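Down below is the structure, laid out as structure tokens.
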């Protein structure tokens, strides 16, 4: 609100100093960019929605990874512990691995339209 009052005061001083003709060029220029600014704001909003979805999906995949590591009995040296059963396999013990179900993650087509321009013009 304070910024708005400062802006109004600045415009008032400009009008008093230069007369109304100083605003004749400014207002049309401001209005010219209104639609572009609105479109840019919409793109930023969609990008924010997309980033929130990606964060959510990564959290889900991370929780699946944690569960998989817990199933393997993995606490440290994660990759090495996964390889140990391959090289030091005991033939008498049958090991059943749980079936992995991949989580449904985002599709870029849900967030980015194919005909959307990537340029800023």
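Residue numbers (the working numbering): 5 to 125.
Quick reminder that beta carbons are idealized off the backbone N, C-alpha and C, glycines included.
All values derive from a computational prediction rather than experimental measurement.
Per DSSP, reduced to three states, the secondary structure at residue 34 is helical. Secondary structure at residue 103: coil, using DSSP grouped into helix, strand and coil. Minimum Cα-Cα distance from residue 115 among the listed residues 35, 48, 64 corresponds to 48. At the C-beta level, residue 107 and residue 68 come within 8 Å of one another. Residue 110 and residue 57 have their C-alpha atoms some 7 Å from each other. The beta carbon of residue 104 sits closer than 8 Å to those of 68, 72, all from its chain and outside the five residues before and after it, given in chain order.
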